[in-house]
């Protein structure tokens, strides 16, 4: 409907950014590829571009930094991320990616799996790792999905919160945001590196169908397939 695109019909605007993979310019050996050396510059460019559009808020889909928490350069990368996005601090909502808190539980993953202490570090730096807020008639729901299938106490706590958050939305439209996609091609596909594994995939999708979630936004996949 072309009328939906007219400025006078727009309800509000928000920005989505993900996988900025900010890393220190020197001393960081977490990635051998030259493209990663440009990550912080790209993040600065995107932060400036976002500001031009004056969105009501920003949602970061995770992988804010490139070095994982066990590396010595992690804290410096976090500080650099805050500096890059400092102009947006009051309106940016952040959820964690696998570089921020560890890979999803899967023996094929290249780095160490998620751990509770890394979640604590992320929350100290960027706030709760799952959260929701309302804007107009839309409920925005941000989840921590690297913890799915982990067996950590956080996982069941988030499920309980998520069910209540979706159920209490009333007549609001619901948008859900996460780092790993639920799937790439089909809900019944095998579990690759790039999506959520079973049984969490079906459980989350069941909740979304039950509560009529309108849209899901995910990050993580930044290869050209």
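In the working numbering, the protein residues as written are 196 to 420. Backbone N, C-alpha and C define an ideal beta-carbon position, used for all residues, glycine too. Just so you know, these numbers come straight off a predicted model, no measurement behind them.
Integer Cβ distance of residue i from residue j, believed to fall under 8 angstroms
{"i": "residue 296", "j": "residue 283", "result": "Residue 296 to residue 283, Cβ: 21 angstroms. No contact."}
{"i": "residue 414", "j": "residue 292", "result": "7 angstroms"}
{"i": "residue 217", "j": "residue 261", "result": "7 angstroms"}
{"i": "residue 395", "j": "residue 349", "result": "Actually they do not touch by this definition, with Cβ atoms about 13 angstroms apart."}
Span separating the alpha-carbon of residue i from that of residue j
{"i": "residue 220", "j": "residue 379", "result": "33 angstroms"}
{"i": "residue 252", "j": "residue 418", "result": "27 angstroms"}
{"i": "residue 393", "j": "residue 344", "result": "8 angstroms"}
{"i": "residue 234", "j": "residue 249", "result": "23 angstroms"}
{"i": "residue 329", "j": "residue 335", "result": "6 angstroms"}
{"i": "residue 264", "j": "residue 201", "result": "44 angstroms"}
{"i": "residue 384", "j": "residue 398", "result": "15 angstroms"}
{"i": "residue 214", "j": "residue 238", "result": "9 angstroms"}
{"i": "residue 266", "j": "residue 388", "result": "22 angstroms"}
{"i": "residue 340", "j": "residue 375", "result": "7 angstroms"}
{"i": "residue 309", "j": "residue 299", "result": "6 angstroms"}
{"i": "residue 331", "j": "residue 402", "result": "23 angstroms"}
When the options are compared against residue i, the one with the closest alpha-carbon
{"i": "residue 404", "options": "329, 382, 235, 225", "result": "382"}
{"i": "residue 319", "options": "337, 331, 328, 289", "result": "289"}
{"i": "residue 322", "options": "309, 203, 287", "result": "287"}
{"i": "residue 412", "options": "225, 373, 388, 398", "result": "373"}
{"i": "residue 337", "options": "324, 347, 346", "result": "324"}
{"i": "residue 208", "options": "272, 307, 245, 232", "result": "245"}
{"i": "residue 409", "options": "368, 278, 391", "result": "368"}
{"i": "residue 243", "options": "270, 274, 312, 280", "result": "280"}
{"i": "residue 363", "options": "342, 326, 406", "result": "406"}
{"i": "residue 327", "options": "240, 359, 391, 203", "result": "359"}
Per DSSP, the bridge partner or partners of residue i
{"i": "residue 368", "result": "333"}
{"i": "residue 308", "result": "298"}
{"i": "residue 338", "result": "Paired residue(s): none; residue 338 is not in a bridge."}
{"i": "residue 328", "result": "335"}
{"i": "residue 211", "result": "254"}
{"i": "residue 217", "result": "260"}
- For the segment 229 to 294, which segments carrying the alpha helix (DSSP H) assignment without a break, of at least 4 residues, lie completely within its bounds, in sequence order? 229 to 232, 234 to 248, 269 to 279
- Query: Residue ranges of each beta strand (DSSP E) run of no fewer than 3 residues wholly in the segment 360 to 404, ordered along the chain?
  - Reply: 368 to 373
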